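Down below is the structure, laid out as C-alpha cells.
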Amino acid sequence: MTFLNASLLAGCAALLIPLIIHLLYRSNFQVVDWGAMHLLNLDLKVNSRRLQVHSLLLLIVRCAIPLILALCLARPVLTAWRLAGDGGKTALVLLVDNSLSLQAMAAGKGSDNEVAFNLAKRTTTELIARLGSTARCSILTTGGRPTHVGGGTTIDWRSVAPVMASVQVGAGPSRIADCFGAAIKELAQIPEARRRILLISDFQRSEWRDLGNSTLAAIRNQLAASKVPARISFLPIRTKPSENLAIEIDAAASTFAVLGQSMEIRANVANSGVTAVSNVAVTLHADAHVLARKTVEIPGNSKTQIVFTCQFDTVGSHLITAKLEDTGPVRGDDASHLAVRVTDRIRALVIDNQSHLPAMRRSSAFLSLALSPMANSSTPGADTIESSIMSPDAIDAKCLKKVQVAFLVDVPELRDDSARSLADFVAQGGALIIFAGASLNADWYNSHWGSENANCLLPTKYASISTPKTRSQPILRIRQEVFSHPALSLFNHRDNGELTKVSFYSWYRLEKFESTEKRDSRASPGSSESVNSLAISKSDSFKVLAALESGDPILAEKRFGRGVVIQFACGCDSLWSDLPQRQVFLPLMQQLVTASANALELSSSIETGQVFTHILKRNDTSILRGEQPQIDSQAIRATVLSPLGQRYPLTATTLASQATIEFSETQYPGAYTLQFGDSVAMPQSQQSEYFVARAAASESELGTLTDDEVLQSASRLGADVFHSIDDFLQVEQERQFGREIWRFLLLALVLLLFGEIWLQQRLSRANA
Amino acid sequence: MSPSARLLKPDDRDRLSNLQMLARQVVDGLTVGMHGSPHKGFGVEFKEHRPYVLGDEVRAVDWKLYGKTDRLYIRQYEEETSLGCFILVDQSGSMAYSGKRSGGVSKHAYAIRLAACLAYLLISQQDAVGLVTFDTEIRELLPPGSKPSHLRGLLECLAESRAQGETRLSDVLAQMVPKIPRRGLLVLISDCFDDVDALLKTLAFFRHAKHEVIIFQVWDPDEIDWPFRRRIRFRSLETPGTERLIDPTLLRTDYLENLEKYRAKLSQGCGRQRIELVPCTTDQSHANLLSMYLSARGRAK
C-alpha cells in the first residue's frame, strides 16, 4: 500500500490524544471520605467489567477516529490491485471510429442531438486531457484504413483538442483486424511497458459480422507475439436506431467506355429502415451535369435498382454521380460515384502467318471483319476497334507499343525475340488472344510459353486435337451455364445471341501444365487429373471462361504481369467450328477486346482505404513518346483533390520501369481528382483523372452490436468493455497505481463517529 | 467563644424565640408546664363534668350546675405538665461527611446545631431536656433538666462531641429504653445508616412505652443526588481501610436505586409506627428547618 499524501500520515499521531486523555483520566481520580458505604454495596465486579468493556470500546473508537481521518487524508492506495508496471507512463493507442455510421445521432445521457462522432471526439479529447502527462497517447482513426491523427506517432495531450477538431467523420468502413494490427505496430514504437489499445466505436454490426474466430484469434496471437502484450479495451458509442437510405452504383459497372457508345449505369437504392419510403428522387450526374432524374418507392428493408443510360462525347476521365435526395442521418451514402475512362478507340493487332494470301482468304478474315465491321463495309460510321494485320516476323516492341490487344491466329511459332516482345507486351499491360489452327505448333507453345519457361503466358497446355467421338453426333456445343466473364455475360440473355448453339467440329484439348497440376494436387489431393477439373479449378493462375458439353475447356484466361492472355481451344476459321459464321461471333470478339482492354485498365474504383495506383501510359505522356526512353519520374508532379476538399501533392515513382502515381489517403468515400501539373505534358482531356473510393454498402446499415454481443466479442479478444471514460480511467488508475481506498475509509470514519455517539449515548442512558 | 455562643447564634435565638415545642401527645411531666397531662386536677382549662360520687371533694362540686339541674356534678380541669425530652445525637463516623454544597458543615455539625436549637427551645419553655451522644455505644448521657444552667452543660457536651466510630444505632437505642422511664419526647438526630429493620424494631419499644419519637434524618446533598462524575476512590468514614474505586457515572443508577429503596423502607417503617421522620439536608438552615417543622407541627395539632 502506498499513500498519495504520505506526509499527512503524521496525523496518525493524533490517536495518542484520546489515549493520553484516557490514561490521565485513569490515574487522576478523586478521593472522597464517604459515609453511606452501605449504599455502595453493589455488584462491583459486573459493573467493573462493563465499565472496562465500554471504556475500552470507547477508547478504541476514539483512537480510531483520528487514525482513520489521517489515513483518509493521506489517500492510501492499495497496490494489491495493481496489475502491472510501477508508475511510469502508459502507452495508449486510441482507435477512434470515424466511419459513415458515426454520422448517426448518439444515444444515452448527455448526448442529446449530438452526432455520435462528435461524442466520440469529445470522449477522446476528454480522456487524453484527463490522462495528461501520465500517458503517451497515439490516435488512429479507423474509417477506411487506420490513419494517424496529428501527424506524429504520439500526440501532445495539450494539443489534442484542436487536432481532434480537424478530424472528420464519414470515412469508409473500419477494418477491425487492420486497425488492431496498426495499433499493435504503433505500440511497438512506443517504449512504455504498460500498453493499452482503446477502441472507441459504435460497433456497427456489419463491421463485426464477418469477423470470424480465426481473425480474432489472429489478433490475439499478434498481441501475444509482441514483446509487451497490450490490453484491449472497448468503449462503445451508442447510436439511436434510425432509418437510412443509401445509394450505390453497381460495383460491376464498367469503368471503361468508348466514345459515343451507350453504357448502362445501375444504381441500387437500399432502405435499411422498416418503413417504406415513397417518392425518393434519384438523379444522375455526369461531370456535374444532371443527366436524368427518377423517382422510386422503396419498401422497408429492401433494395431497388434504377437503370440509367449514358454516353460520352469527349475522351478522358469522366465522373458519374448518382445522388439521392435523402434525409437519413448518414449523409455520406447519399451519393455514389463512378469514374469512367472514355477512349476514342481500341487498337488491336492481328498476327497471322498468311501474309501471302489475300486478306479475305486468310484464317483471320472472319476476325478482321468482326473487329472492324465498318471499315470493311460501305456503311458509314466509325469502328470502336482499329485493327491491323501483321506477320509474326514483323513483331517488335515498337509496333506493340501502339496497340492494346494482340491476336495470334494460327501462328505456328514465333521467333524468340518476337515471343519475348509479346511476353513483355502482356507483362506491361497488353492483352493477347490466341486462336489455335491447323498449323499451330503446340510443342513450341507448350515449351516456350509453358510452365517451364519464365514467360509462362499460356493459361493451359495444348495437348492434342480432339474431335467428337460419336458419329451420330459429329459436333459439340458450348455447355449451358451462366457466364461470369464480362466478355461472355452479354450472352446470358438470349436476345444478344446464343453462344451455346455454336457447333465445334474439332478443338485442342487444353490441359493443365504439370507444375500447376502438381501444385494443385498438393492443395487438393483428391482432385481429378482430367481437364474437366480445370473448369472447377479455383486456381488463380488461370480461369476457364467456357467449356464444351464434354467438359473440355474451349476458352481459358490467365493474368500475366499486368496483362491478360485469352486462349481459344479452336481456330477462328470455319474448319474448326461454325463460330465465325454465327451472329454471336462479332459481338463476342468486340466484347472480348473491350473487356480485355477494360480489364487492363487499372481500376478507377477502389475500396476506401486502399491505395490508388495510376500508371502514366506511354501514349499519354510526351515523355514516353519515344523521344525520352528513360522516365524521370521525380519530375512528374500531381495533386489529388479529396472529397473533403483537401489537396495532396504527389510525386510519381518508378515502378517496373513505369511512371506510377500512388495515393493512399483514400479513407473517405467519394470522388478523388488526380490533377497533373505542368510537369507532365499531356492533352487537356487527360489533365484530370477521376477515381472513386467506395464504401461497402453494408456501412449504410446502421444496426450495431447489442451490449451482450459487444461483451462476447470482447471476451473473444480478451478485451474489457467500458461505458464511460470514468470507468476506464478508474480501472487504469487501479492497474497503474492500485485502488484508492479513501472513500471506504471515509465511510468507516462516518460509521465510527456514529458509533462513538451511540456508545456515548448508551453509556449516558445507563447512567441517567 | 463559649459553646452556647458557637452553637446558638443570635439569629437562631431570635428565630426560635417565638416558637414553642409542643408535645403532640400528652406526656408525663415533672413540673407544671405547657403540655397537657392525662392527670385531671388543678389546672386552668376546663375539661368535663361527671356525676358526683361519694368521696369526691365537695369543693369540686359545680354548684352552679346543681342550681340549674338539681344534681351534683363534679367539675374537672386539665392538668398542664412540663415535657420530658431526650435528644439523641449520632456522632458516628458517617456523620463526619461534608460535601461541597453544605458550605463545610458536616452532618455531625449540623446535627449538634439542630440539637442545640432544640434544647434551647425546650428549656426556654420550661421543659426538661436530656442529651445522649453515641456512636457504637452511648458516649454521653445528660439526664433531663429544665434550668438554664442545664442548657449550658448540654451545649458544652454537644460541643465536645466528635464524629468517629461505626454506627450501632439500634444497640444504642436498645440501651436507652430502660433509661427513660417516663413517657415523653425522643428526638433522634442521625443519618440512620444502620440496619433499618433493627432500628425500627428498637424504636418500636419506645413507641410501646408511649414515647413520641421524632427522627431528624440528616443527609448531605451529595448523598441524595450523587453528583459525582469522575472516577472516585470512596474511603469509608466508619471503617478505616475500606475503599471502593468506582466510576460514579456507571454506578449512579444503582446507587440512586439503593438509596430510594432504603429511604422508602425507613419511611414506611416510621409511618407504620407513627414515628415522625424529618429528612433534612445540610445545605438547609437548621433554624429554618426547625421553624418550618414546628410551624407544621403546630398546624397539625
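As they're listed, the protein sequences go chains A and B.
So the first sequence is numbered by my numbering: it starts at 1 and just counts up by one.
So the second sequence is numbered by my numbering: it starts at 1 and just counts up by one.
Idealized CB from N, CA, C, for every residue including glycine.
In this text the structure is predicted, and so the values were computed from the model without any measurement.
Just checking my contact of A/D178 with A/D97 at CB under 8 angstroms: how many whole Å lie between their CB atoms?
That belief does not hold up - the Cβ atoms of A/D178 and A/D97 are roughly 13 angstroms apart, past 8 angstroms.
Of all the residues that make up the region 216-237 of chain B, which are near chain A by a beta-carbon distance shorter than 7 angstroms?
E223, R230, R231, I232, R233, F234, R235, S236 and L237
State buried or exposed for A/N353, treating a residue as buried only when at least 16 other CB atoms are found within 10 Å of its CB.
The C-beta of A/N353 has 16 or more other C-beta atoms within 10 Å across all chains shown, which makes the residue buried.
Could you tell me which chain A residues have their CB closer than 8 angstroms to the CB of B/G93, listed as they occur along the chain?
Residues of chain A passing the Cβ test: G35.
Unbroken stretches of the beta strand (DSSP E), 3 residues or longer, contained in the region 343-371 of chain A
346-352
Separation of B/D247 from B/R182, as counted between CA atoms
50 angstroms
Among B/L294, B/C192, B/R263 and B/T281, which one has its Cα closest to the Cα of B/G99?
B/T281
Check the Cβ of A/V32 against every Cβ in chain B and list those closer than 8 angstroms, keeping chain order.
F228, I232, R233, F234 and R235
Could you check the C-alpha separation between A/R158 and A/S242 for me, to the nearest Å?
36 angstroms
DSSP-derived helix/strand/coil call for B/H150:
helix
Residue interval of the alpha helix (DSSP H) (run including A/M164)
V160 to A165
How about A/T123 and A/I725: do their beta carbons lie closer than 8 angstroms?
yes
Take every Cβ of the region 253-261 of chain A, pair it with every Cβ of the region 281-299 of chain A, and state whether three or more of those distances are shorter than 8 angstroms.
No, because fewer than three Cβ pairs between the region 253-261 of chain A and the region 281-299 of chain A fall closer than 8 angstroms, the two stretches do not touch.
Give a yes or no on whether 8 angstroms exceeds the smallest Cβ distance from B/T202 to chain A.
Residue-level contact check: B/T202 does not touch chain A, since none of the beta carbons of chain A fall below 8 angstroms from its beta carbon.
Less than 8 angstroms between the beta carbons of A/E248 and A/A276, yes or no?
no
Taking the alpha carbon of A/V611 as the point to measure from, which residue in A/S574, A/E665 and A/T660 has its own alpha carbon closest?
A/E665
Indicate whether A/L371 and A/L408 have their beta-carbon atoms separated by less than 8 angstroms.
no
Rounded C-alpha distance that separates A/T777 from A/R345:
Summary: the structure shown does not reach residue 777 of chain A, with chain A confined to residues 1 through 768, and so no result is reported for it.
Name the two residues that bound the continuous beta strand (DSSP E) containing B/E276.
Counting along the chain, the beta strand (DSSP E) containing B/E276 begins and ends at E276 to T281.
A/R136: which of A/L749, A/L94 and A/L752 sits nearest, CA to CA?
A/L94
Pull up the distance between the alpha-carbon of B/L118 and that of B/S149, whole angstroms please.
16 angstroms
Candidates A/A348, A/L324, A/V330 and A/R347, of which the one nearest A/H337 by Cα
A/L324
Do B/L65 and B/H49 have their C-beta atoms within less than 8 angstroms of each other?
A contact, by the Cβ cut-off of 8 angstroms.
What residues of chain B sit near A/H38, judged by a beta carbon separation below 7 angstroms?
F193
With 16 other Cβ atoms within 10 Å as the buried cut-off, status of B/W219:
Buried.
I'd like to know if the region 639-649 of chain A and the region 577-596 of chain A are in contact, where contact means that at least 3 CB-CB pairs between them fall below 8 angstroms.
These segments do not touch.
On the CB-based measure, 16 or more other CB atoms within 10 Å of its CB, does A/L488 come out buried or exposed?
buried
Short Cβ contact (8 angstroms threshold) for A/A697 with A/T608
no
Got a sec? Which residues, its chain only, sit under 8 angstroms from A/Q103 by beta carbon, not counting five neighbours each side?
V115, A116, F117, V169, G170, P329, V330, R331 and G332
From this set, B/R297, B/D194 and B/L154, which residue's C-alpha is nearest B/I123's C-alpha?
With distances taken between Cα atoms, B/I123 lies closest to B/L154.
Taking the Cβ atom as the reference point for each residue, do A/V342 and A/S596 lie within a distance shorter than 8 angstroms?
no
Chain C residues whose Cβ lies nearer than 7 angstroms to that of B/L259
In summary, chain C is missing from the structure at hand, where the protein chains are A and B.
Would you call A/Q581 buried or exposed, if buried means 16 or more other Cβ atoms sit within 10 Å of its Cβ?
It counts as exposed.
Applying the 10 Å Cβ sphere with the 16-neighbour rule, what's the burial state of B/I275?
buried
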